[in-house]
Each structure stands twice: as structure tokens, then as C-alpha cells.
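Per UniProt numbering, the sequence shown starts with residue 1, numbered consecutively.
This report concerns only the one structure given below.
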Amino acid sequence: MKKENTDIQNQEIAIFPASFNPIHNGHIELIEISAEIYKTLYVFVANNESKNYSVDLEERYKIVKKAISSLNKDNIIVVKQSNLQTTGLFTKLNKINVVIRGSREVKLSSYESILADKYLEDNSQLKFHFFSFEDEKTSSTKIRELISNNQSISEFVPKIVEKDIIKLWKNAEK
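Listed below in C-alpha cells is the structure:
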């Protein structure tokens, strides 16, 4: 992964919101580099109302916590979205300065919806920090397809949660 703009003040608080459906090594790369740059990094496990999830928020949250625990970083806080709390409101209440996104997001049509979200309405001072990572072709969709086709996901997900991911997403297919 390329470090971009690493002279950022390390007192800033960042958030990396995603559905982690499931978490993969690209997510882990973004989390690791962000944790090196920012004072505090919230990893916000959320539901996108435009998507359907076969694995519920609580299960995805548990897997993300387990995957991130192996990083041994004290400045990473994993939280999950509550029913009434948007990502934008969470950023405002926790005085978050920066939203972390993968550079692949810029290429997706959902990019406009990211910016149109409540982020900027709730916190006009918020900045977006886009990162590139090694294998931008890795996606949660690709991992779900591999699981569905009984193919290996070992090169795409953290080893510590590989079996959990396979079990949960396989069971969700039934």
C-alpha cells in the first residue's frame, strides 16, 4: 500500500465506515495504514440501506473485531452502527475529522452517494482521505462468490477469521 500524505497532523481522528460483508485484506491494509497516520481510528461496521445482507450486522461486527485484534493497535476502536445512528451523526458526536475510503470507491457509482450522505450535512469540516492498496480488485463481492463456488478465499481474507467467514457466509446461503 502506498502511504499518501503522511505529514497529516497525527492528532486527527478518523473513521473507516464499511459494511465488511465480509472483511478482506484490502480492508486490513487500509486500517493498518490509517492507524499509523491518525491518533484514533474508528472502524465503523455499518449497514448500507441500499444493500441486502445475508450475514447480520452483529456477526460482521464480531468478525471485524476478531480480525483487527490481531493487529495489536491501541488506537483502533471497532464500533457498529446502531439503529438510529448514521455514520454522519457518529462522526459529529465523536469529533471525527477524516473519513477513510479506498481509492476504488472513487471509481464506483456509489461515490456520489458517499458524498451526498449525511457526512457533510452533520459535519461540514469533515475531510475524505482516499488510499490505494495493493490489490484493488479484491472485494467482498468477489469473496462471497468464491465461497458460493466452494473456492479458496485464503489469499483474500485474514487467516484469523477465514474459517469464521466461510462458515457464516456458507450458512447464510441456505
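Each residue gets a CB set at the ideal place from its N, CA and C atoms; glycine is no exception.
**Request:** Quickly, what does DSSP pair Val98 with across the bridge? List them, please.
**Result:** Position 98 of the sequence shown, counted from the first residue, corresponds to residue 98. According to DSSP, Val98 bridges with Ala14, Lys127.
**Asked** Hey, out of Thr91, Ile143, Ala18, whose CA is closest to Val64's CA?
**Response** As a first step, residue 64 is located in the sequence shown; it is residue number 64 there, counting from the start. It is Ala18.
**Message:** Relative to the C-alpha of Asn10, which candidate in Lys51, Glu32, Tyr38 has its C-alpha closest?
**Reply:** As a working note, residue 10 is residue 10 in the sequence shown. The option with the nearest alpha carbon to Asn10 is Tyr38.
**Request:** Compute the beta-carbon to beta-carbon distance between Ala35 and Thr87, rounded to the nearest angstrom, for a pair I have assumed lies under 8 Å.
**Result:** Counted from its first residue, the sequence shown places residue 35 at position 35. Counted from its first residue, the sequence shown places residue 87 at position 87. Contact annotation, Ala35 with Thr87: C-beta distance approximately 19 Å; criterion of less than 8 Å not satisfied.
**Message:** Please state the DSSP three-state secondary structure of Ile23.
**Reply:** Locating residue 23 in the sequence shown gives position 23, counting from the first residue. Three-state result, Ile23: coil.
**Backbone secondary structure at Thr91 - three-state DSSP** = Position 91 of the sequence shown, counted from the first residue, corresponds to residue 91. The answer is helix: DSSP assigns Thr91 an H, G or I state.
**Item:** Distance between Ile13 and Glu95 (C-alpha atoms, nearest Å)
**Value:** Working through the sequence shown from its first residue, we reach residue 95 at position 95. Working through the sequence shown from its first residue, we reach residue 13 at position 13. Note that residue 95 corresponds to Lys in the displayed sequence, not to Glu. Those two C-alpha atoms are separated by around 7 Å.
**Message:** Only counting the same chain, and skipping five residues up and downstream in sequence, which positions put a Cβ closer than 6 Å to that of Ile165?
**Reply:** Sequence index remark: in the sequence shown, residue 165 carries index 165 (1-based). Spatial neighbours of Ile165 in its own chain (CB-CB distance under 6 Å, excluding positions within 5 residues in sequence) are listed in chain order as Pro22, Val157.
**Item:** C-alpha gap between Val99 and Phe90, whole angstroms
**Value:** Your numbering for residue 99 matches position 99 in the sequence shown. Your numbering for residue 90 matches position 90 in the sequence shown. Going by the C-alpha atoms only, they are around 11 Å apart.
**Request:** Return the first residue and the last residue of the beta strand (DSSP E) that Ser78 is part of.
**Result:** Numbered from its first residue, the sequence shown carries residue 78 at position 78. Just to set this straight, residue 78 is Val in the shown sequence, not Ser. Taken as a continuous stretch (DSSP letters only), the beta strand (DSSP E) holding Val78 covers 76-80.
**Prompt:** Looking only at DSSP bridge pairs, what is Thr40 linked to?
**Reply:** The residue labelled residue 40 in the question sits at position 40 within the sequence shown. According to DSSP, which records beta bridges pairwise, Thr40 is partnered with Ile13.
**Asked** How many angstroms separate the CA atom of Leu71 from the CA atom of Gly26?
**Response** Position 71 of the sequence shown, counting from 1, holds the residue named residue 71. Position 26 of the sequence shown, counting from 1, holds the residue named residue 26. The alpha-carbon atoms of Leu71 and Gly26 are separated by roughly 14 Å.
**Item:** Chain-order list of residues whose beta-carbon lies under 7 Å from that of Ile8 (same chain, five-residue window excluded)
**Value:** For the purposes of this step, residue 8 is taken as the residue at position 8 of the sequence shown. At Ile8, the pLDDT of 46 sits below 50, so the modelled position is not reliable; the number obtained from the coordinates is stated separately. Result list for Ile8: Ile37, in chain order.
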